[in-house]
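Asks: Take this structure, written in structure tokens, and hold onto it; I'll ask about it next.
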Amino acid sequence: SGFVNIYYADNFKLIYSKDYKGSVEGMVMSQDNKYLVTLSNNSKIEILRLNDGVILPYDMVHKNANEIFLSPDGKTLYSYTSIFPFSNGNASLKAWNIDTGEQIDEHEITGYLQHVELSSNGKKILMTDYRDKIIVLDAENLSRKLYSFEQYEKDSNGNLLFFNSAQFSPNG
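The sequence shown lines up with residues 55 to 226 when you count with my numbering.
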């Protein structure tokens with residue numbers, strides 16, 4: 055079982071506390087401090103409205119999701135799965151409307167996602183997988199692939215070299 059506690063940073067006074075039957079896998083706070091979004095190990099995503107402590111009554115579930123993040127404007131929530139290498143199944147990235155809780159988009163990828171991040175301007179999503187593939191998607195239309203790049207390099211002994219991550223520059 056897990057819990058989420060929120061404290062004031064200046065005096066550590068408890069503002070909010072919630073128990074979970076499972077564990078909390080991820081959480082993110084909106085930049086305007088209106089919402090705290092949590093992802094539990096049962097794949098449920100909950101949005102807590104911080105001004106009154108109400109959990110919004112949305113049915114947001116992303117099976118096997120292990121990470122969440124918000125767009126810079128706080129209007130879109132993204133969740134993604136990282137299916138382990140060589141397992142059956144696809145990894146997926148979903149976009150959700152934070153105000154309605156509705157899923158607005160989804161992108162599936164065969165295999166394992168190692169890294170997913172949103173550009174600082176919120177316009178692009180970068181994904182890397184275990185096969186040395188980098189994919190950049192349009193954040194407003196996840197089916198629109200902006201770039202796709204595969205790199206297979208070998209060391210001096212002929213062994214394949216892999217990268218673990220890629221990232222956007224600070225200006226996106």
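Each residue gets a CB set at the ideal place from its N, CA and C atoms; glycine is no exception.
(1) Rank VAL190, ILE101, GLU156 by C-alpha distance to the C-alpha of PHE203 and give the top, closest one.
(2) Can you tell me whether DSSP reads GLY80 as helix, strand or coil?
(3) For SER173, name the three-state secondary structure that DSSP assigns.
(4) Under 7 Å Cβ to Cβ from TYR112, same chain only, skipping five residues before and after it: list those, please.
(5) Quick check: the Cα distance between ASN175 and ASN195, rounded to an integer number of angstroms?
(6) Exposed or buried, which one is GLY128 when buried takes at least 16 other CB atoms within 10 Å?
(7) Which whole-angstrom value describes the C-beta separation of MET81 and VAL58, a residue pair presumed to lie in contact below a C-beta threshold of 8 Å?
Replies: Per the coordinate set shown:
(1) VAL190
(2) strand
(3) coil
(4) ILE101, GLY155
(5) 15 Å
(6) buried
(7) 7 Å
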